[in-house]
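Worksheet: the structure to be examined is printed underneath.
In the numbering used here, the protein residues as written are 1 to 280.
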């Protein structure tokens with residue numbers, strides 16, 4: 001009997017230790033260095049474990065999670081502001097300063113960087129990986145399941161022939177294959193002519209190529225406030241007004257496009273509902 005009691009006590013102690021180790025491995029003080037990790041933290045991590053976000057997190061024009069970001073400490077994401085917060089996990093994007101990341105790691109801080117997903121599958125992988133980082137794998141799985149369900153239930157009535165489209169922005173840049181923008185265009189029922197031009201990623205094209213392509217729909221994006229700047233002359237050129245096509249001065253609202261995540265469902269639906277029925 002005594003042996004049985006000792007075995008039970010040992011099992012209880014082992015389970016208790018395992019639980020303590022698991023809890024200790026979950027980051028308790030997480031700091032974000034980028035808008036995209038701000039939003040992932042707000043989606044997946046317990047609020048009490050988020051020490052700070054960046055200032056862009058509360059901008060409703062940029063952040064999909066702006067309302068949820070209210071009340072958190074906001075920083076510029078620089079080293080001087082991060083160090084006093086004593087984080088046990090720092091998350092940022094792959095575009096973070098190499099020198100800053102190297103310095104933080106040299107000091108012993110764990111820094112994890114997210115990449116730039118270019119497909120729905122990569123968004124799933126990002127969400128699941130981030131959930132593991134912040135100790136919320138179950139929550140991440142729930143978000144992925146919900147996203148997949150929403151994608152499967154989008155009511156998109158596709159035309160037999162996809163409407164041709166082209167994205168054109170300041171300095172004459174368009175967006176081709178290997179991008180999430182191209183995935184969203186295809187999902188919403190458009191054929192991206194930049195792919196036919198063999199554009200991969202972001203590439204500058206001339207106005208002549210835009211005119212020659214004759215897209216049925218042209219998404220004109222101008223992120224330059226100065227309409228007289230050389231960059232803006234591409235998208236404000238009179239030749240575009242003479243083309244027989246539908247034009248829209250916004251592709252997808254920045255809050256749905258600035259970062260990859262489950263908001264991709266809303267972005268695809270926005271494209272379809274706001275532009276798909278437009279006539280040239």
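Positions of the beta carbon are idealized from the N, C-alpha and C atoms, including for glycine.
| task | Please name the residue or residues paired with residue 202 in a DSSP beta bridge. | result | Answer by DSSP bridge pairing, in chain order: 175.
| message | Rounded to whole angstroms, what is the Cα-Cα separation between residue 22 and residue 137? | response | Here residue 22 scores only 43 on pLDDT, less than 50, and its place in the model should not be relied on; the value that follows carries that caveat. Residue 22 and residue 137: Cα-Cα distance of roughly 13 angstroms.
| Would residue 217 be called buried (16 or more neighbouring beta carbons within 10 Å of its own) or exposed? | By the 10 Å Cβ count, residue 217 comes out buried.
| query | Nearest-angstrom Cα distance between residue 224 and residue 35? | reply | In this predicted model, residue 224 has a pLDDT of only 47, less than 50, meaning its place in the structure is not dependable; the value taken from the coordinates is given anyway. The alpha-carbon atoms of residue 224 and residue 35 are separated by roughly 21 angstroms.
| N-terminal and C-terminal residue of the alpha helix (DSSP H) that residue 119 is part of | Under the DSSP assignment, residue 119 falls outside any alpha helix (DSSP H); it carries neither an H nor an E label.
| query | Could you check where the beta strand (DSSP E) with residue 217 kicks off and where it finishes? | reply | Where residue 217 is concerned, the enclosing beta strand (DSSP E) stretches over 217-221.
| Do you know offhand how far residue 203's Cα is from residue 70's? | Distance between the alpha carbons of residue 203 and residue 70: 37 angstroms.
| query | Short check: CB of residue 271 to CB of residue 187, under 9 angstroms? | reply | In contact: residue 271 and residue 187 (Cβ atoms closer than 9 angstroms).
| message | Need the endpoints of the alpha helix (DSSP H) that residue 102 sits in, please. | response | Segment 98-106, the alpha helix (DSSP H) holding residue 102.
| said: Could you compute how far the alpha carbon of residue 266 sits from the alpha carbon of residue 273? | reply: Whole-angstrom Cα-Cα distance: 10 angstroms.
| message | Taking DSSP's pairing of strands, which residues face residue 168 in a bridge? | response | In DSSP, residue 168 forms a bridge with 220.
| Any non-hydrogen atom of the ligand MG closer than 8 angstroms to residue 133 Cβ | The model on display carries no ligand, and the ligand MG is accordingly not part of it.
| query | In angstroms, rounded to a whole number, what distance separates the CA positions of residue 251 and residue 167? | reply | Straight-line Cα distance between these residues: approximately 7 angstroms.
| task | Name, in chain order, the residues that DSSP records as bridge partners for residue 191. | result | In DSSP, residue 191 forms a bridge with 164.
| said: Taking the beta carbon of residue 133 as the centre, do at least 16 other beta carbons fall within 10 Å, making it buried, or is it exposed? | reply: Of the residues assessed, residue 133 falls on the buried side of the cut-off, its CB having 16 or more other CB atoms within 10 angstroms.
| query | How about residue 125 and residue 30: are their beta carbons less than 9 angstroms apart? | reply | No.
| Terminal residues of the beta strand (DSSP E) in which residue 31 lies | In this chain, the beta strand (DSSP E) harbouring residue 31 covers 30-32.
| message | Rounded to the nearest angstrom, what separates residue 42 and residue 49 at their Cα positions? | response | Rounded to the nearest angstrom, the two C-alpha atoms are 10 angstroms apart.
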